[in-house]
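Enquirer:
In our numbering, the protein residues as written are 274 to 473.
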């Protein structure tokens, strides 16, 4: 759903404008609480940080880097139920761009603690953000060029509503779908590669 956000579209427009130059490195993270008893904590129920949180990071990276992953390296800490509590991955793409992400369900037991991060480094500057995935409201991120910081503000409605509206328009033939089958398969392949690396 978050890919439908005007916040993401604004990020992409800034990158396309060339304000930070060519993207060279993307880093993102998504951490939540340690769930004492939850389906997310069991491998046999499809649990783990990679499935629950990593899919956000991989889609973010793939939506910003127009190339195929050439090298994927990942490590993880597993819990007693076989699910990954914490996964860290490094990627290198065919065009030479690098990316990294960290995901984990480790921030306190049964709390509402959460941490999100996005850093996009270009040849001329960077974009920094701590906006939560799927957040709504007035969102901000910072563009840094030549040591000068520019704060961008974007008003965002509820992302799931935006996703449903886009789907309805696609069904009616008024707009193309935003998340294509090809993109979804590319993301699934990357997730599979990470899961294989961590011996999930």
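We treat Cβ as the ideally placed atom computed from N, Cα and C, and that holds for glycine.
All of these numbers come straight from a predicted model, not from anything done at the bench.
#1: Does the pairing of the stretch 386-395 with the stretch 298-312 give three or more beta-carbon distances under 8 Å?
#2: Let me see if you follow: with CB-CB separation under 7 Å, is residue 410 close to chain D or not?
#3: Does residue 473 come out as helix, strand or coil in the three-state DSSP assignment?
#4: Run through DSSP, which three-state label would residue 436 get?
#5: Around the Cβ of residue 354, are there at least 16 other Cβ atoms within 10 angstroms (buried) or fewer (exposed)?
#6: Buried or exposed: residue 463, going by 16 or more other Cβ atoms within 10 Å of its Cβ?
#7: Please list the segments of the alpha helix (DSSP H) lying wholly inside the stretch 303-384, counting only runs of 4 or more residues, in order along the chain.
#8: Shortest alpha-carbon distance to residue 356 belongs to which of 383, 308 and 416?
#9: Determine the DSSP secondary structure at residue 423, reduced to helix, strand or coil.
#10: Any idea if residue 446 is buried or exposed, counting beta-carbon neighbours within 10 angstroms, 16 or more meaning buried?
#11: Please tell me whether residue 275 and residue 406 are closer than 7 Å, where the distance is taken between their beta carbons.
#12: When we look at the beta-carbon of residue 465 and count the other beta-carbons within 10 Å, is it buried (16 or more) or exposed?
#13: In its own chain, which residues sit with a C-beta less than 7 Å from the C-beta of residue 296, not counting the 5 before and 5 after it?
#14: Hey, would you say residue 280 sits closer than 7 Å to residue 416, going by beta carbons?
#15: When the Cα atoms are used, what is the spatial distance from residue 473 to residue 420?
#16: Could you please give me the residues that DSSP links to residue 298 through a beta bridge?
Expert: On the basis of the data shown:
#1: When Cβ pairs closer than 8 Å are counted between the two stretches, the stretch 386-395 is seen to touch the stretch 298-312, the count reaching three or more.
#2: Protein chain content of the structure displayed is limited to a single chain, and chain D is not contained in it.
#3: In the structure shown, residue 473 sits in coil (DSSP, three-state: anything other than H, G, I, E or B).
#4: The answer is helix: DSSP assigns residue 436 an H, G or I state.
#5: Label assigned to residue 354: exposed.
#6: Residue 463 is buried by the Cβ-count criterion.
#7: As far as the stretch 303-384 is concerned, its whole alpha helix (DSSP H) runs of at least 4 residues are 328-337.
#8: It is 308 whose Cα lies nearest to the Cα of residue 356.
#9: It is a strand residue.
#10: The residue is exposed, with fewer than 16 neighbouring Cβ atoms inside 10 Å.
#11: Yes.
#12: Burial call: exposed.
#13: Closer than 7 Å at the Cβ level, and outside the excluded window around residue 296, lie 288, 337, 338, 370, 393 and 395.
#14: No. Outside cutoff.
#15: The C-alpha of residue 473 lies about 42 Å from the C-alpha of residue 420.
#16: Its beta-bridge partners are 371 and 394.
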